[in-house]
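Numbering (the numbering used here), first residue to last: 10 to 548.
See structure below.
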(Lines of atoms letter the chains of each structure in order from A and count residues from 1; the text may use other names and numbers.)
(Lines give C-alpha, C1' and ligand atoms only; values in the text may rest on other atoms or scores of the structure.)
Protein backbone atom coordinates (compact mmCIF):
# COMPACT_ATOMS: atom_id res chain seq x y z
CA UNK A 1 0.00 0.00 0.00
CA UNK A 2 1.37 3.42 -0.97
CA UNK A 3 1.64 5.93 1.84
CA UNK A 4 1.68 9.62 0.99
CA UNK A 5 4.06 10.15 3.91
CA UNK A 6 6.46 7.42 2.79
CA UNK A 7 10.01 8.79 3.26
CA UNK A 8 11.49 6.34 0.77
CA UNK A 9 11.69 7.58 -2.83
CA UNK A 10 9.16 6.97 -5.52
CA UNK A 11 9.52 8.03 -9.17
CA UNK A 12 8.01 11.47 -9.90
CA UNK A 13 7.16 13.08 -13.21
CA UNK A 14 10.47 14.93 -13.65
CA UNK A 15 12.70 12.24 -12.15
CA UNK A 16 14.13 11.34 -15.59
CA UNK A 17 16.36 14.43 -15.40
CA UNK A 18 18.43 12.70 -12.72
CA UNK A 19 18.85 9.34 -14.44
CA UNK A 20 22.49 9.77 -15.51
CA UNK A 21 23.63 12.41 -13.05
CA UNK A 22 26.72 11.40 -10.99
CA UNK A 23 26.29 11.20 -7.24
CA UNK A 24 28.95 13.84 -6.58
CA UNK A 25 26.97 16.31 -8.71
CA UNK A 26 23.71 15.75 -6.86
CA UNK A 27 25.59 15.81 -3.55
CA UNK A 28 27.08 19.21 -4.39
CA UNK A 29 23.72 20.57 -5.52
CA UNK A 30 22.07 19.15 -2.41
CA UNK A 31 24.61 20.84 -0.13
CA UNK A 32 24.12 24.19 -1.84
CA UNK A 33 20.36 24.06 -1.68
CA UNK A 34 20.46 22.98 1.93
CA UNK A 35 22.64 25.92 2.88
CA UNK A 36 20.05 28.24 1.35
CA UNK A 37 17.43 26.45 3.45
CA UNK A 38 15.52 25.28 0.36
CA UNK A 39 14.83 22.01 2.09
CA UNK A 40 11.69 20.94 0.23
CA UNK A 41 13.33 21.51 -3.16
CA UNK A 42 16.47 19.67 -2.04
CA UNK A 43 14.36 16.85 -0.69
CA UNK A 44 12.54 16.36 -4.02
CA UNK A 45 15.75 16.49 -6.08
CA UNK A 46 17.46 13.97 -3.86
CA UNK A 47 14.48 11.59 -3.90
CA UNK A 48 14.30 11.87 -7.68
CA UNK A 49 17.97 10.95 -7.99
CA UNK A 50 17.56 7.98 -5.64
CA UNK A 51 14.57 6.73 -7.63
CA UNK A 52 17.04 6.00 -10.46
CA UNK A 53 19.89 4.98 -8.15
CA UNK A 54 18.27 3.00 -5.31
CA UNK A 55 21.38 1.13 -4.12
CA UNK A 56 23.66 4.00 -3.02
CA UNK A 57 23.75 4.04 0.81
CA UNK A 58 25.44 7.46 0.94
CA UNK A 59 22.44 8.98 -0.79
CA UNK A 60 20.15 7.64 1.91
CA UNK A 61 22.49 9.11 4.53
CA UNK A 62 22.09 12.54 2.90
CA UNK A 63 18.34 12.05 2.75
CA UNK A 64 18.25 11.07 6.42
CA UNK A 65 20.31 14.11 7.42
CA UNK A 66 17.98 16.40 5.46
CA UNK A 67 14.91 14.91 7.16
CA UNK A 68 16.66 15.44 10.51
CA UNK A 69 17.29 19.10 9.64
CA UNK A 70 13.60 19.47 8.82
CA UNK A 71 12.64 17.97 12.19
CA UNK A 72 11.12 14.85 10.62
CA UNK A 73 12.85 12.35 12.87
CA UNK A 74 10.74 9.31 11.95
CA UNK A 75 11.51 9.65 8.23
CA UNK A 76 15.16 10.27 9.07
CA UNK A 77 15.43 6.99 10.97
CA UNK A 78 13.77 5.02 8.17
CA UNK A 79 16.33 6.38 5.68
CA UNK A 80 19.23 5.62 8.01
CA UNK A 81 17.90 2.09 8.36
CA UNK A 82 17.85 1.71 4.57
CA UNK A 83 21.44 2.95 4.41
CA UNK A 84 22.43 0.37 7.01
CA UNK A 85 20.70 -2.38 5.06
CA UNK A 86 22.59 -1.43 1.91
CA UNK A 87 25.87 -1.46 3.79
CA UNK A 88 25.02 -5.01 4.93
CA UNK A 89 26.27 -4.46 8.46
CA UNK A 90 26.20 -7.81 10.26
CA UNK A 91 27.56 -9.47 13.38
CA UNK A 92 29.91 -11.51 11.21
CA UNK A 93 31.71 -8.41 9.96
CA UNK A 94 33.29 -5.54 11.85
CA UNK A 95 31.16 -2.48 11.02
CA UNK A 96 32.89 0.61 9.66
CA UNK A 97 33.18 3.83 11.63
CA UNK A 98 30.48 5.38 9.44
CA UNK A 99 28.15 2.45 10.07
CA UNK A 100 28.69 2.73 13.81
CA UNK A 101 27.80 6.42 13.59
CA UNK A 102 24.59 5.51 11.79
CA UNK A 103 23.73 2.94 14.46
CA UNK A 104 24.32 5.50 17.22
CA UNK A 105 22.16 8.05 15.43
CA UNK A 106 19.36 5.52 14.96
CA UNK A 107 19.37 4.68 18.66
CA UNK A 108 19.34 8.35 19.60
CA UNK A 109 16.55 9.19 17.15
CA UNK A 110 14.40 6.33 18.40
CA UNK A 111 14.88 7.53 21.97
CA UNK A 112 13.85 11.08 21.00
CA UNK A 113 10.94 10.08 18.78
CA UNK A 114 7.49 10.03 20.37
CA UNK A 115 6.43 6.41 20.17
CA UNK A 116 4.39 3.74 21.87
CA UNK A 117 6.09 0.39 22.39
CA UNK A 118 3.92 -2.73 22.66
CA UNK A 119 5.41 -6.22 22.93
CA UNK A 120 8.72 -4.87 21.66
CA UNK A 121 7.14 -3.30 18.56
CA UNK A 122 7.44 0.47 18.16
CA UNK A 123 4.48 2.50 16.84
CA UNK A 124 5.27 6.16 16.05
CA UNK A 125 1.76 7.34 15.07
CA UNK A 126 -1.81 6.28 15.71
CA UNK A 127 -4.89 7.55 13.89
CA UNK A 128 -8.48 7.49 15.01
CA UNK A 129 -11.11 5.44 13.19
CA UNK A 130 -14.49 6.88 14.19
CA UNK A 131 -17.41 4.80 12.92
CA UNK A 132 -19.95 7.02 14.65
CA UNK A 133 -20.86 4.27 17.08
CA UNK A 134 -17.40 3.07 18.07
CA UNK A 135 -13.82 4.30 18.06
CA UNK A 136 -10.48 2.60 17.58
CA UNK A 137 -6.89 3.75 17.22
CA UNK A 138 -4.82 2.10 14.52
CA UNK A 139 -1.24 2.39 13.35
CA UNK A 140 1.73 0.72 11.73
CA UNK A 141 4.95 -0.18 13.46
CA UNK A 142 8.10 1.80 12.80
CA UNK A 143 9.47 -0.93 10.52
CA UNK A 144 6.13 -1.20 8.66
CA UNK A 145 5.78 -4.90 9.52
CA UNK A 146 2.99 -4.83 12.11
CA UNK A 147 -0.43 -3.23 12.54
CA UNK A 148 -1.98 -2.40 15.91
CA UNK A 149 -5.64 -1.88 16.71
CA UNK A 150 -6.64 -0.31 20.04
CA UNK A 151 -10.27 -0.11 21.14
CA UNK A 152 -11.32 3.22 22.67
CA UNK A 153 -15.00 2.32 22.83
CA UNK A 154 -16.75 -0.68 21.26
CA UNK A 155 -19.49 -0.29 18.67
CA UNK A 156 -22.91 -1.81 19.35
CA UNK A 157 -23.22 -2.37 15.59
CA UNK A 158 -20.37 -4.88 15.60
CA UNK A 159 -20.66 -8.57 16.39
CA UNK A 160 -17.45 -8.55 18.39
CA UNK A 161 -15.54 -6.45 20.86
CA UNK A 162 -11.88 -6.05 20.05
CA UNK A 163 -10.98 -8.83 22.50
CA UNK A 164 -13.41 -11.19 20.76
CA UNK A 165 -12.06 -10.14 17.37
CA UNK A 166 -8.53 -10.92 18.55
CA UNK A 167 -9.67 -14.32 19.80
CA UNK A 168 -11.13 -15.19 16.38
CA UNK A 169 -7.98 -14.06 14.57
CA UNK A 170 -5.84 -16.07 16.97
CA UNK A 171 -8.03 -19.13 16.32
CA UNK A 172 -7.51 -18.84 12.57
CA UNK A 173 -3.75 -18.49 12.94
CA UNK A 174 -3.54 -21.32 15.45
CA UNK A 175 -5.29 -23.50 12.87
CA UNK A 176 -2.69 -22.59 10.25
CA UNK A 177 -4.93 -20.25 8.28
CA UNK A 178 -3.03 -18.70 5.38
CA UNK A 179 -5.77 -16.23 4.43
CA UNK A 180 -5.76 -14.57 7.87
CA UNK A 181 -3.10 -11.98 8.76
CA UNK A 182 -0.41 -13.21 11.13
CA UNK A 183 -1.42 -12.68 14.77
CA UNK A 184 1.19 -11.26 17.17
CA UNK A 185 -0.61 -10.99 20.47
CA UNK A 186 -3.30 -9.10 22.34
CA UNK A 187 -3.85 -7.58 25.76
CA UNK A 188 -4.28 -4.13 27.24
CA UNK A 189 -2.18 -1.01 26.86
CA UNK A 190 -2.16 1.98 29.27
CA UNK A 191 -4.02 4.97 27.86
CA UNK A 192 -1.45 7.19 29.56
CA UNK A 193 1.17 8.05 26.96
CA UNK A 194 -1.05 7.66 23.90
CA UNK A 195 -1.49 11.43 23.56
CA UNK A 196 2.05 11.78 22.22
CA UNK A 197 1.30 9.61 19.18
CA UNK A 198 -2.25 10.83 18.43
CA UNK A 199 -2.86 14.14 16.67
CA UNK A 200 -4.54 16.88 18.66
CA UNK A 201 -7.88 16.78 16.83
CA UNK A 202 -8.25 13.03 17.40
CA UNK A 203 -7.14 13.40 21.01
CA UNK A 204 -9.87 15.94 21.71
CA UNK A 205 -12.46 13.41 20.50
CA UNK A 206 -11.30 10.55 22.70
CA UNK A 207 -9.71 11.99 25.81
CA UNK A 208 -12.96 11.98 27.78
CA UNK A 209 -13.71 8.37 26.81
CA UNK A 210 -10.45 6.73 27.81
CA UNK A 211 -10.25 4.02 30.44
CA UNK A 212 -6.95 3.49 32.27
CA UNK A 213 -6.23 0.47 30.07
CA UNK A 214 -7.44 -0.18 26.54
CA UNK A 215 -7.62 -3.55 24.74
CA UNK A 216 -5.40 -4.05 21.70
CA UNK A 217 -4.20 -6.69 19.29
CA UNK A 218 -1.35 -6.76 16.78
CA UNK A 219 -1.33 -8.43 13.39
CA UNK A 220 0.83 -8.36 10.26
CA UNK A 221 0.68 -5.20 8.20
CA UNK A 222 -0.38 -6.38 4.74
CA UNK A 223 -0.07 -4.78 1.28
CA UNK A 224 -3.15 -3.92 -0.74
CA UNK A 225 -2.21 -4.70 -4.33
CA UNK A 226 -4.83 -4.80 -7.02
CA UNK A 227 -5.51 -7.75 -9.29
CA UNK A 228 -7.16 -10.34 -7.07
CA UNK A 229 -10.01 -12.41 -8.46
CA UNK A 230 -13.37 -13.48 -7.10
CA UNK A 231 -11.94 -17.00 -7.01
CA UNK A 232 -9.21 -15.73 -4.65
CA UNK A 233 -11.94 -14.46 -2.31
CA UNK A 234 -13.82 -17.77 -2.55
CA UNK A 235 -10.64 -19.71 -1.73
CA UNK A 236 -10.04 -17.59 1.39
CA UNK A 237 -13.64 -18.02 2.54
CA UNK A 238 -13.51 -21.80 2.04
CA UNK A 239 -10.27 -22.06 4.01
CA UNK A 240 -11.65 -20.04 6.92
CA UNK A 241 -14.94 -21.93 6.82
CA UNK A 242 -13.10 -25.21 7.41
CA UNK A 243 -11.25 -23.53 10.30
CA UNK A 244 -14.60 -22.59 11.82
CA UNK A 245 -14.95 -18.88 10.99
CA UNK A 246 -17.01 -16.76 8.61
CA UNK A 247 -15.65 -13.24 8.18
CA UNK A 248 -19.10 -11.69 7.96
CA UNK A 249 -18.19 -8.42 6.21
CA UNK A 250 -16.73 -9.12 2.77
CA UNK A 251 -15.85 -5.82 1.10
CA UNK A 252 -12.90 -4.35 -0.84
CA UNK A 253 -11.86 -2.45 2.31
CA UNK A 254 -11.44 -5.74 4.19
CA UNK A 255 -9.30 -7.45 1.56
CA UNK A 256 -5.53 -7.34 1.36
CA UNK A 257 -3.73 -8.89 -1.58
CA UNK A 258 -0.08 -9.37 -2.53
CA UNK A 259 0.73 -10.08 -6.17
CA UNK A 260 3.91 -11.80 -5.06
CA UNK A 261 2.05 -14.20 -2.75
CA UNK A 262 -1.11 -14.53 -4.84
CA UNK A 263 -3.22 -14.79 -1.68
CA UNK A 264 -6.26 -12.81 -0.55
CA UNK A 265 -6.06 -12.05 3.17
CA UNK A 266 -9.20 -11.02 5.01
CA UNK A 267 -8.81 -8.36 7.70
CA UNK A 268 -11.08 -6.84 10.39
CA UNK A 269 -12.98 -9.61 12.14
CA UNK A 270 -15.29 -7.35 14.14
CA UNK A 271 -18.31 -8.81 12.29
CA UNK A 272 -17.00 -12.39 12.16
CA UNK A 273 -18.91 -15.39 13.50
CA UNK A 274 -17.63 -18.72 14.71
CA UNK A 275 -19.36 -21.48 12.79
CA UNK A 276 -21.19 -24.47 14.24
CA UNK A 277 -20.23 -27.91 12.94
CA UNK A 278 -23.31 -28.20 10.74
CA UNK A 279 -22.29 -25.07 8.77
CA UNK A 280 -18.67 -26.25 8.47
CA UNK A 281 -20.03 -29.48 6.99
CA UNK A 282 -22.01 -27.70 4.24
CA UNK A 283 -21.04 -28.15 0.60
CA UNK A 284 -19.43 -25.16 -1.11
CA UNK A 285 -22.60 -23.99 -2.84
CA UNK A 286 -24.73 -24.46 0.26
CA UNK A 287 -22.16 -22.55 2.32
CA UNK A 288 -22.13 -19.57 -0.02
CA UNK A 289 -25.93 -19.61 0.03
CA UNK A 290 -25.72 -19.61 3.83
CA UNK A 291 -23.39 -16.57 3.60
CA UNK A 292 -25.96 -14.78 1.46
CA UNK A 293 -28.81 -15.54 3.87
CA UNK A 294 -26.65 -14.34 6.75
CA UNK A 295 -25.91 -11.06 4.92
CA UNK A 296 -29.57 -10.48 4.08
CA UNK A 297 -30.53 -10.89 7.72
CA UNK A 298 -27.54 -9.08 9.25
CA UNK A 299 -27.65 -6.10 6.88
CA UNK A 300 -31.42 -5.99 6.27
CA UNK A 301 -31.54 -2.23 6.87
CA UNK A 302 -29.24 -1.74 3.85
CA UNK A 303 -31.15 -4.29 1.74
CA UNK A 304 -28.10 -6.42 0.93
CA UNK A 305 -29.01 -8.93 -1.81
CA UNK A 306 -26.04 -11.21 -1.06
CA UNK A 307 -22.71 -11.35 0.83
CA UNK A 308 -20.81 -9.70 -2.09
CA UNK A 309 -23.02 -6.61 -2.05
CA UNK A 310 -20.08 -4.22 -1.60
CA UNK A 311 -18.61 -5.21 -4.98
CA UNK A 312 -20.18 -2.89 -7.52
CA UNK A 313 -21.82 -4.64 -10.45
CA UNK A 314 -21.20 -8.11 -9.05
CA UNK A 315 -23.51 -10.82 -10.39
CA UNK A 316 -23.48 -14.36 -8.98
CA UNK A 317 -24.59 -16.07 -12.19
CA UNK A 318 -22.04 -14.21 -14.28
CA UNK A 319 -19.11 -13.67 -11.87
CA UNK A 320 -19.20 -16.39 -9.23
CA UNK A 321 -20.90 -19.66 -10.10
CA UNK A 322 -18.89 -20.10 -13.34
CA UNK A 323 -15.83 -20.44 -11.06
CA UNK A 324 -17.20 -23.82 -10.00
CA UNK A 325 -17.74 -27.15 -11.67
CA UNK A 326 -20.69 -28.48 -9.79
CA UNK A 327 -19.61 -27.90 -6.20
CA UNK A 328 -15.83 -27.79 -6.74
CA UNK A 329 -13.94 -24.50 -7.07
CA UNK A 330 -11.74 -24.35 -10.19
CA UNK A 331 -8.30 -23.38 -8.87
CA UNK A 332 -7.25 -22.30 -12.37
CA UNK A 333 -9.20 -19.08 -11.67
CA UNK A 334 -7.11 -18.29 -8.58
CA UNK A 335 -3.92 -16.25 -8.52
CA UNK A 336 -1.91 -18.61 -6.34
CA UNK A 337 -2.25 -21.76 -8.48
CA UNK A 338 -1.48 -20.17 -11.83
CA UNK A 339 1.89 -19.24 -13.28
CA UNK A 340 3.70 -21.95 -11.32
CA UNK A 341 7.50 -22.17 -11.50
CA UNK A 342 7.45 -25.94 -10.94
CA UNK A 343 6.90 -26.54 -14.65
CA UNK A 344 8.27 -25.09 -17.86
CA UNK A 345 5.10 -26.16 -19.67
CA UNK A 346 3.11 -23.42 -21.40
CA UNK A 347 0.04 -24.00 -19.23
CA UNK A 348 2.04 -23.24 -16.03
CA UNK A 349 -0.09 -25.68 -14.02
CA UNK A 350 1.64 -28.97 -13.26
CA UNK A 351 -0.66 -31.18 -11.19
CA UNK A 352 -4.21 -32.22 -11.85
CA UNK A 353 -6.24 -32.18 -8.62
CA UNK A 354 -9.68 -33.75 -8.38
CA UNK A 355 -11.69 -33.43 -5.14
CA UNK A 356 -15.30 -32.64 -4.33
CA UNK A 357 -14.28 -29.20 -3.01
CA UNK A 358 -11.56 -28.01 -5.42
CA UNK A 359 -10.14 -29.09 -8.76
CA UNK A 360 -7.60 -28.02 -11.37
CA UNK A 361 -6.37 -29.50 -14.65
CA UNK A 362 -2.60 -29.67 -15.08
CA UNK A 363 0.17 -31.52 -16.90
CA UNK A 364 0.19 -34.63 -14.73
CA UNK A 365 -2.03 -36.57 -12.37
CA UNK A 366 -1.49 -39.64 -10.20
CA UNK A 367 -3.20 -41.56 -13.00
CA UNK A 368 -1.81 -45.05 -13.47
CA UNK A 369 0.83 -44.36 -10.83
CA UNK A 370 -1.88 -44.63 -8.18
CA UNK A 371 -2.16 -48.37 -8.83
CA UNK A 372 1.55 -48.81 -8.12
CA UNK A 373 1.29 -46.65 -4.98
CA UNK A 374 -1.74 -48.56 -3.71
CA UNK A 375 0.37 -51.73 -3.71
CA UNK A 376 3.16 -50.17 -1.61
CA UNK A 377 2.60 -50.59 2.15
CA UNK A 378 2.66 -47.45 4.34
CA UNK A 379 2.44 -47.74 8.12
CA UNK A 380 -0.07 -45.63 10.04
CA UNK A 381 1.79 -42.50 11.13
CA UNK A 382 4.78 -43.15 8.89
CA UNK A 383 6.69 -39.91 8.37
CA UNK A 384 7.14 -39.02 4.70
CA UNK A 385 8.99 -36.16 3.02
CA UNK A 386 7.58 -35.27 -0.41
CA UNK A 387 10.44 -33.43 -2.14
CA UNK A 388 9.34 -31.19 -4.99
CA UNK A 389 5.69 -31.60 -4.01
CA UNK A 390 4.40 -29.02 -6.53
CA UNK A 391 0.63 -28.69 -5.96
CA UNK A 392 0.68 -31.60 -3.53
CA UNK A 393 -1.17 -34.47 -5.21
CA UNK A 394 1.25 -37.03 -3.78
CA UNK A 395 1.20 -35.35 -0.36
CA UNK A 396 -2.60 -35.51 -0.35
CA UNK A 397 -2.58 -39.17 -1.38
CA UNK A 398 -0.11 -40.08 1.37
CA UNK A 399 -2.13 -38.16 3.99
CA UNK A 400 -5.18 -40.18 3.01
CA UNK A 401 -3.04 -43.30 3.50
CA UNK A 402 -2.47 -42.25 7.13
CA UNK A 403 1.06 -40.90 6.76
CA UNK A 404 2.48 -37.83 8.50
CA UNK A 405 3.45 -35.83 5.44
CA UNK A 406 5.69 -32.84 4.87
CA UNK A 407 5.84 -31.39 1.36
CA UNK A 408 8.72 -29.14 0.30
CA UNK A 409 8.88 -27.11 -2.88
CA UNK A 410 11.01 -24.29 -4.29
CA UNK A 411 7.90 -22.28 -5.23
CA UNK A 412 7.03 -20.37 -2.03
CA UNK A 413 3.86 -18.97 -3.62
CA UNK A 414 2.58 -22.45 -4.40
CA UNK A 415 3.43 -23.66 -0.89
CA UNK A 416 1.01 -21.11 0.58
CA UNK A 417 -1.69 -22.29 -1.80
CA UNK A 418 -1.00 -25.92 -0.88
CA UNK A 419 -1.45 -25.13 2.81
CA UNK A 420 -4.79 -23.52 2.04
CA UNK A 421 -5.86 -26.69 0.21
CA UNK A 422 -4.73 -28.85 3.12
CA UNK A 423 -6.88 -26.72 5.42
CA UNK A 424 -9.89 -26.83 3.08
CA UNK A 425 -9.61 -30.61 2.71
CA UNK A 426 -8.88 -31.10 6.43
CA UNK A 427 -5.63 -32.93 5.69
CA UNK A 428 -2.82 -32.69 8.31
CA UNK A 429 -0.04 -31.87 5.85
CA UNK A 430 2.87 -29.58 6.63
CA UNK A 431 4.30 -27.58 3.73
CA UNK A 432 7.54 -25.64 3.57
CA UNK A 433 9.25 -23.56 0.88
CA UNK A 434 12.69 -25.12 0.42
CA UNK A 435 15.37 -25.13 -2.27
CA UNK A 436 17.14 -28.47 -1.94
CA UNK A 437 20.31 -26.97 -3.43
CA UNK A 438 20.47 -24.46 -0.56
CA UNK A 439 19.37 -26.64 2.36
CA UNK A 440 22.24 -27.78 4.57
CA UNK A 441 20.35 -30.69 6.11
CA UNK A 442 16.92 -32.31 6.08
CA UNK A 443 14.99 -33.50 9.12
CA UNK A 444 15.04 -37.32 9.52
CA UNK A 445 11.97 -39.15 8.15
CA UNK A 446 10.98 -42.73 7.49
CA UNK A 447 10.43 -42.33 3.75
CA UNK A 448 11.59 -39.78 1.19
CA UNK A 449 9.60 -39.47 -2.03
CA UNK A 450 11.38 -38.09 -5.10
CA UNK A 451 8.86 -38.01 -7.89
CA UNK A 452 10.45 -36.60 -11.07
CA UNK A 453 12.40 -34.03 -9.10
CA UNK A 454 16.04 -34.64 -8.12
CA UNK A 455 17.40 -34.05 -11.65
CA UNK A 456 15.81 -30.59 -11.47
CA UNK A 457 18.41 -29.64 -8.81
CA UNK A 458 21.92 -28.47 -9.63
CA UNK A 459 23.87 -30.21 -6.85
CA UNK A 460 22.85 -33.75 -7.74
CA UNK A 461 25.49 -35.75 -5.82
CA UNK A 462 25.43 -33.46 -2.77
CA UNK A 463 21.63 -33.63 -2.64
CA UNK A 464 21.70 -37.41 -2.98
CA UNK A 465 23.91 -37.67 0.11
CA UNK A 466 21.74 -35.14 1.94
CA UNK A 467 18.60 -37.19 1.26
CA UNK A 468 20.28 -40.47 2.18
CA UNK A 469 21.34 -39.07 5.56
CA UNK A 470 17.76 -37.97 6.31
CA UNK A 471 16.24 -41.33 5.34
CA UNK A 472 15.53 -43.80 8.15
CA UNK A 473 13.74 -46.42 6.09
CA UNK A 474 13.52 -45.98 2.32
CA UNK A 475 13.48 -43.76 -0.74
CA UNK A 476 10.74 -43.96 -3.38
CA UNK A 477 11.96 -42.38 -6.60
CA UNK A 478 10.13 -41.89 -9.87
CA UNK A 479 12.47 -41.38 -12.82
CA UNK A 480 13.39 -42.35 -16.38
CA UNK A 481 16.53 -43.90 -17.83
CA UNK A 482 17.28 -40.53 -19.39
CA UNK A 483 16.59 -37.35 -17.45
CA UNK A 484 17.39 -33.76 -18.32
CA UNK A 485 16.51 -31.25 -15.63
CA UNK A 486 15.51 -27.59 -15.67
CA UNK A 487 15.41 -25.24 -12.68
CA UNK A 488 13.78 -21.86 -12.29
CA UNK A 489 16.38 -19.26 -11.32
CA UNK A 490 14.10 -16.29 -10.76
CA UNK A 491 14.16 -15.09 -14.36
CA UNK A 492 14.18 -18.19 -16.53
CA UNK A 493 14.58 -21.96 -16.54
CA UNK A 494 18.19 -23.16 -16.72
CA UNK A 495 19.68 -26.60 -17.22
CA UNK A 496 20.32 -28.33 -13.90
CA UNK A 497 21.33 -32.03 -13.83
CA UNK A 498 21.06 -34.98 -16.18
CA UNK A 499 21.75 -38.71 -16.52
CA UNK A 500 21.52 -41.22 -19.33
CA UNK A 501 21.51 -44.92 -18.39
CA UNK A 502 21.40 -47.70 -21.00
CA UNK A 503 19.06 -49.92 -18.98
CA UNK A 504 17.33 -50.39 -15.63
CA UNK A 505 20.20 -52.35 -14.05
CA UNK A 506 22.64 -49.55 -14.82
CA UNK A 507 20.24 -46.96 -13.40
CA UNK A 508 19.67 -48.84 -10.13
CA UNK A 509 23.43 -49.14 -9.64
CA UNK A 510 23.83 -45.44 -10.38
CA UNK A 511 21.12 -44.50 -7.92
CA UNK A 512 22.65 -46.70 -5.21
CA UNK A 513 25.79 -44.67 -5.70
CA UNK A 514 23.77 -41.44 -5.60
CA UNK A 515 22.13 -42.49 -2.30
CA UNK A 516 24.99 -43.93 -0.20
CA UNK A 517 23.84 -46.38 2.47
CA UNK A 518 20.75 -47.49 0.56
CA UNK A 519 20.31 -50.46 -1.75
CA UNK A 520 17.90 -51.19 -4.54
CA UNK A 521 14.86 -53.13 -3.31
CA UNK A 522 12.05 -53.13 -5.88
CA UNK A 523 10.69 -51.85 -9.17
CA UNK A 524 7.02 -51.09 -8.57
CA UNK A 525 6.25 -50.52 -12.24
CA UNK A 526 6.70 -48.19 -15.18
CA UNK A 527 4.01 -45.56 -15.44
CA UNK A 528 3.32 -42.56 -17.63
CA UNK A 529 6.11 -40.99 -19.67
CA UNK A 530 8.27 -44.13 -19.24
CA UNK A 531 9.04 -43.34 -15.61
CA UNK A 532 9.91 -46.17 -13.22
CA UNK A 533 8.78 -46.17 -9.60
CA UNK A 534 11.76 -47.60 -7.71
CA UNK A 535 12.30 -48.34 -4.02
CA UNK A 536 15.65 -48.16 -2.25
CA UNK A 537 15.93 -49.26 1.39
CA UNK A 538 18.45 -48.51 4.10
CA UNK A 539 21.09 -51.24 3.97
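The C-beta atom is built at its ideal place from N, Cα and C for all residues, glycine as well.
Please check the pair residue i and residue j, which I expect to be a contact at CB under 8 Å, by giving their CB distance rounded to whole angstroms.
i: residue 422; j: residue 547; result: In fact, because the Cβ distance is near 35 Å, the residues do not count as touching under 8 Å.
i: residue 249; j: residue 186; result: 6 Å
i: residue 391; j: residue 455; result: 5 Å
i: residue 413; j: residue 542; result: Not quite, the Cβ-Cβ distance comes to about 21 Å (not below 8 Å), so this is no contact.
i: residue 69; j: residue 48; result: So it is not a contact: roughly 17 Å between Cβ atoms.
i: residue 438; j: residue 408; result: 5 Å
i: residue 59; j: residue 188; result: At roughly 36 Å, the Cβ-Cβ gap does not stay under 8 Å, so residue 59 and residue 188 are not in contact.
i: residue 441; j: residue 411; result: The pair is not a contact, with the Cβ atoms about 21 Å apart (cut-off 8 Å).
i: residue 149; j: residue 76; result: The Cβ separation is near 18 Å, so there is no contact.
i: residue 143; j: residue 163; result: 5 Å
i: residue 301; j: residue 320; result: Contact flag wrong, Cβ pair sits at about 13 Å.
i: residue 457; j: residue 488; result: In fact, because the Cβ distance is near 13 Å, the residues do not count as touching under 8 Å.
i: residue 124; j: residue 151; result: 7 Å
i: residue 510; j: residue 519; result: 6 Å
When the Cα of residue i is compared with those of the options, which residue comes out closest?
i: residue 505; options: 481, 514, 467 and 479; result: 467
i: residue 242; options: 56, 256, 218 and 166; result: 256
i: residue 83; options: 133, 64, 69 and 55; result: 133
i: residue 537; options: 412, 340, 500 and 461; result: 461
i: residue 157; options: 142, 141, 169 and 126; result: 126
i: residue 244; options: 433, 497 and 545; result: 433
i: residue 176; options: 278, 486 and 32; result: 278
i: residue 445; options: 425, 308, 337 and 420; result: 420
i: residue 396; options: 443, 80, 207 and 295; result: 443
i: residue 64; options: 91, 375, 469 and 315; result: 91
i: residue 534; options: 382, 428, 237 and 253; result: 382
i: residue 394; options: 525, 347, 418 and 237; result: 418
i: residue 299; options: 284, 310, 311 and 312; result: 284
i: residue 239; options: 231, 328 and 124; result: 328
i: residue 366; options: 337, 359 and 375; result: 337
i: residue 269; options: 302, 232, 296 and 246; result: 232
i: residue 286; options: 487, 251 and 205; result: 251
i: residue 282; options: 58, 265, 259 and 194; result: 259
i: residue 501; options: 448, 349 and 169; result: 349
i: residue 431; options: 410, 405 and 411; result: 405
i: residue 539; options: 294, 85, 332 and 513; result: 513
i: residue 265; options: 234, 416, 459 and 469; result: 234
i: residue 352; options: 292, 307, 274 and 496; result: 496
i: residue 140; options: 148, 167 and 149; result: 167
i: residue 294; options: 313, 333 and 261; result: 333
i: residue 318; options: 435, 305 and 364; result: 305
i: residue 469; options: 458, 487 and 494; result: 494
i: residue 66; options: 385, 32 and 50; result: 32
i: residue 86; options: 153, 57 and 387; result: 153
Name, in chain order, the residues that DSSP records as bridge partners for residue i.
i: residue 146; result: 137 and 159
i: residue 441; result: 417
i: residue 507; result: 493
i: residue 472; result: In the DSSP output, where bridge partners are listed per residue, residue 472 has none listed.
i: residue 545; result: 484 and 529
i: residue 255; result: 282
i: residue 460; result: 487
i: residue 132; result: 125
i: residue 502; result: 497
i: residue 454; result: 480
i: residue 339; result: 368
i: residue 333; result: 338
i: residue 229; result: 155
Return yes when the Cβ of residue j is within less than 8 Å of the Cβ of residue i, no when it is not.
i: residue 145; j: residue 131; result: no
i: residue 200; j: residue 221; result: yes
i: residue 276; j: residue 165; result: no
i: residue 475; j: residue 450; result: yes
i: residue 492; j: residue 507; result: yes
i: residue 485; j: residue 516; result: no
i: residue 483; j: residue 545; result: yes
i: residue 35; j: residue 52; result: no
i: residue 155; j: residue 198; result: no
i: residue 254; j: residue 137; result: no
i: residue 399; j: residue 360; result: yes
i: residue 297; j: residue 288; result: no
i: residue 473; j: residue 403; result: no
i: residue 192; j: residue 213; result: no
i: residue 203; j: residue 135; result: yes
i: residue 355; j: residue 347; result: no
i: residue 380; j: residue 401; result: no
i: residue 385; j: residue 339; result: no
8 Å is my cut-off, CB to CB: does residue i come that close to chain B?
i: residue 248; result: This model lacks chain B altogether, as it is built from one protein chain only.
Pick out the complete alpha helix (DSSP H) segments inside the region 359-425, 4 residues or longer, and give them in chain order.
-> 378-383 and 402-409
Length-filtered (4 minimum) alpha helix (DSSP H) runs lying within the region 186-226 = 209-215
Alpha helix (DSSP H) runs wholly inside the region 263-298, at least 4 long, in chain order | 286-289
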